[in-house]
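S.K.: This is the structure, below, for whatever I ask next.
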Amino acid sequence: MNLLGCVRVFWPIRLMKTDDGKYADGSRAERIAASMGGVVDSEGIRTVSSNETKPLVLLVDDSIDVHRLLSARLRHEQIRMTSLTKGSETLEAVKKEPPAVILLDLDMPDMDGFEILRALKDDALTNNVPVIVLSGLTGSEDKVTAFDLGATDYVTKPFDLAELRARLRAALRLDHLLKLLAERADVDGLTGLGNRAHFNKRWAEKVAESKRYSQPLSLAIVDIDFFKRVNDTYGHPAGDEVIQGVARLLQRECRSHDVPCRFGGEEFALIMPHTGPKDAAMVTDRMRQALAQVVWQRHPENPVNLSAGTVGCDASCGEVTPEEWLEQADRNLYAAKRGGRNKVVSTDLAPGTCQLAKAG
Ligand code: GH3
Ligand code: MG
Ligand code: MG
Numbered sequence: 001m002n003l004l005g006c007v008r009v010f011w012p013i014r015l016m017k018t019d020d021g022k023y024a025d026g027s028r029a030e031r032i033a034a035s036m037g038g039v040v041d042s043e044g045i046r047t048v049s050s051n052e053t054k055p056l057v058l059l060v061d062d063s064i065d066v067h068r069l070l071s072a073r074l075r076h077e078q079i080r081m082t083s084l085t086k087g088s089e090t091l092e093a094v095k096k097e098p099p100a101v102i103l104l105d106l107d108m109p110d111m112d113g114f115e116i117l118r119a120l121k122d123d124a125l126t127n128n129v130p131v132i133v134l135s136g137l138t139g140s141e142d143k144v145t146a147f148d149l150g151a152t153d154y155v156t157k158p159f160d161l162a163e164l165r166a167r168l169r170a171a172l173r174l175d176h177l178l179k180l181l182a183e184r185a186d187v188d189g190l191t192g193l194g195n196r197a198h199f200n201k202r203w204a205e206k207v208a209e210s211k212r213y214s215q216p217l218s219l220a221i222v223d224i225d226f227f228k229r230v231n232d233t234y235g236h237p238a239g240d241e242v243i244q245g246v247a248r249l250l251q252r253e254c255r256s257h258d259v260p261c262r263f264g265g266e267e268f269a270l271i272m273p274h275t276g277p278k279d280a281a282m283v284t285d286r287m288r289q290a291l292a293q294v295v296w297q298r299h300p301e302n303p304v305n306l307s308a309g310t311v312g313c314d315a316s317c318g319e320v321t322p323e324e325w326l327e328q329a330d331r332n333l334y335a336a337k338r339g340g341r342n343k344v345v346s347t348d349l350a351p352g353t354c355q356l357a358k359a360g
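Numbered per the numbering used here, the sequence shown finishes at 360, counting up by one with no gaps.
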């Protein structure tokens with residue numbers, strides 16, 4: 001169960017689908033499944049075809065005999081296999097669909113396996129894919145070079161097929177663990193939202209996308225008002241529940257393509273792609289109003305409020321950098337705080353000019 005499942009806050013739980021096709025309580029599950037290519041039903045269960053769930057293994061070897069041998073001998077493994085006989089096509093294929101494991105020959109006429117290994121490990125997109133080297137080169141110097149370049153394993157030809165299968169399974173386990181680790185490194189433990197590192201990646205992506213395709217984009221920075229008082233008066237567990245509750249509210253109120261993140265402490269960031277500044281201010285203000293209505297189990301007499309700074313543009317915002325967007329959203333947040341809290345201050349980065357107006 002998601003950590004959010006522990007929140008004891010009084011608001012109606014809706015499991016039915018809303019108008020924009022989102023599950024009120026399953027938006028995170030839906031997003032995770034979408035990113036994994038699955039479909040989530042109303043119970044939050046992801047369904048995928050059985051072939052889709054099998055990890056992809058890419059075999060790169062110039063010998064057709066090796067392809068024939070391995071596709072016959074590995075056919076009972078729970079994998080999908082694709083094959084290349086040209087080393088030079090490896091990088092393109094790996095970027096198109098990243099495999100779980102690569103089986104890589106060293107001695108190939110068009111591109112040397114060491115060269116491929118070096119290129120794979122030099123690229124952030126491919127450097128975590130485990131590579132098992134398959135080679136007729138049995139000298140320890142070649143093995144050392146392969147391991148130094150980042151190979152996970154080294155199997156000499158002719159193969160002991162039982163051993164190769166066992167090594168392949170070990171590499172698949174490694175791939176699975178690396179993926180789990182990468183996923184968790186981006187998730188905030190208290191709320192289940194993306195953390196600051198996740199925000200940084202997604203925000204840079206979304207600013208670049210908006211620029212490239214001249215699409216609307218908005219950002220909100222949200223901060224809980226007088227949050228320290230909640231901790232001081234009711235204790236840290238009550239404070240944690242408020243943080244979890246606000247996270248849940250952001251997830252519930254935003255659309256499926258929005259990206260809510262925990263920015264740090266009691267601050268949140270909400271990336272709103274395809275959303276202009278007016279709508280962003282409206283969505284954020286709706287969250288502000290919704291939060292004010294929440295009755296908290298540990299302190300029903302004391303509602304919690306938020307302040308927010310939003311900034312957005314209706315088309316591409318040209319040369320405004322991700323950091324400049326963020327600075328403006330921050331300025332707006334502090335204007336909201338100075339203006340008495342429990343409010344949203346917005347800036348429209350006007351198309352064409354993209355001047356960053358000073359708030360407050
Ligand atoms: P303002 O309205 O100006 O934002 O005031 P504030 O009290 O909300 O802000 P301030 O920065 O003074 O206090 C934030 C507090 O949030 C201080 C910190 O101890 C607490 N905090 C940060 N992270 C967590 C957390 O994960 N759990 C809990 N319970 N408290 C946290
Ligand atoms: Mg605060
Ligand atoms: Mg703060």
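Built from N, CA and C at the ideal position, the CB exists for glycine as well.
1) Would you list the residues sitting across from LEU217 in a DSSP beta bridge?
2) Count the other CB atoms, across all protein chains shown, that sit within 10 Å of the CB of ALA33; report buried if there are 16 or more and exposed otherwise.
3) Does DSSP classify VAL207 as helix, strand or coil?
4) Can we say the region 204-222 touches the region 263-278, given the rule of at least three CB pairs closer than 8 Å?
5) Return yes when at least one heavy atom of ligand 2 lies under 7 Å from the C-beta of PHE227, else no.
6) Under 8 Å between the Cβ atoms of PHE114 and THR138?
7) What's the gap between the Cα of VAL344 and the Cα of ARG338?
8) Suppose you measure from the CA of ARG169 to the CA of ARG80; what does that come to, to the nearest Å?
9) Taking the C-alpha atoms as reference points, what is the distance between LEU349 and ASP225?
10) Return the residue from the list THR275, LEU84 and ARG262 that minimises the CA-CA distance to GLN215.
11) With distances taken Cα to Cα, identify the nearest neighbour of ALA375 among MET108, PRO98 and MET111.
12) Can you check which of these residues, PRO237, LYS206 and ALA238, is closest to CYS313 by C-alpha distance?
13) Give the secondary structure of ASP41 by DSSP, where H, G and I count as helix, E and B as strand, and everything else as coil.
14) For ARG118, count the other beta carbons within 10 Å of its own beta carbon; 16 or more makes it buried, fewer makes it exposed. Which is it?
15) Could you check whether the region 234-245 touches the region 285-305, counting it as contact only if at least three pairs of C-beta atoms, one from each stretch, sit closer than 8 Å?
16) Sorted by chain position, which residues of the same chain lie with C-beta nearer than 7 Å to ARG341's C-beta, five sequence neighbours on each side aside?
17) How should PHE147 be labelled, buried or exposed, when 16 other C-beta atoms within 10 angstroms of its C-beta is the threshold for buried?
18) May I ask you to check if the CB of ASP330 is nearer than 7 Å to at least one heavy atom of ligand 2?
19) Tell me the residue span of the beta strand (DSSP E) that contains SER346.
20) Going by DSSP, which residues form a beta bridge with ILE132?
21) Which term fits GLN328, buried or exposed, when burial requires 16 or more other beta carbons within 10 angstroms of its beta carbon?
22) With which residues is ASP223 paired in a DSSP beta bridge?
23) For LEU175, count neighbouring Cβ atoms within 10 angstroms of its own Cβ and tell me buried if that reaches 16, exposed if not.
24) Between GLY87 and ILE116, which are expected to be in contact by the criterion C-beta below 8 Å, what is the C-beta distance as a whole number of angstroms?
25) For THR347 and LEU172, I'd like the C-alpha separation in whole angstroms.
26) Determine the DSSP secondary structure at LEU91, reduced to helix, strand or coil.
27) Counting C-beta neighbours from all protein chains within 10 Å, is the total for LEU180 16 or more, i.e. buried, or is it exposed?
28) Compute the minimum distance between the beta carbon of ASN231 and the heavy atoms of ligand 1, and state whether it is under 7 Å.
29) To the nearest angstrom, how far is it from the Cα of PHE199 to the Cα of ASP105?
30) Since ARG80 is in the beta strand (DSSP E), which residue starts that stretch and which ends it?
31) Could you tell me if GLN244 is buried or exposed, where buried requires 16 or more neighbouring beta carbons within 10 angstroms of its beta carbon?
32) Who pairs with LEU59 in a beta bridge, going by DSSP?
33) Can you give me the Cβ contacts of MET108 inside the same chain, cut-off strictly under 6 Å, excluding the 5 residues immediately before and after it?
M.R.: Taking the coordinates as given:
1) PRO273 and CYS313
2) Any reading at ALA33 must be qualified, since the residue scores a pLDDT of 34, below 50, and its modelled position is unreliable; the value itself is stated next. Per the 10 Å Cβ criterion, buried.
3) helix
4) yes
5) yes
6) no
7) 11 Å
8) 13 Å
9) 26 Å
10) THR275
11) Because the chain is modelled from 1 through 360, residue 375 falls outside the range shown and cannot be assessed.
12) LYS206
13) Unreliable positioning characterises ASP41 in this predicted model, as indicated by a pLDDT of 36, which lies under 50. The coordinate reading is nonetheless provided below. If DSSP states are grouped into helix, strand and coil, ASP41 belongs with coil.
14) exposed
15) yes
16) ASP225, ASN305 and SER307
17) exposed
18) no
19) 344-348
20) LEU103 and ASP153
21) buried
22) GLU267 and SER307
23) Per the sequence shown, residue 175 should be read as Asp rather than Leu. Buried, since its Cβ has 16 or more Cβ neighbours within 10 Å.
24) 5 Å
25) 48 Å
26) helix
27) exposed
28) yes
29) 39 Å
30) 80-84
31) buried
32) SER83 and LEU103
33) ASP62 and GLY87
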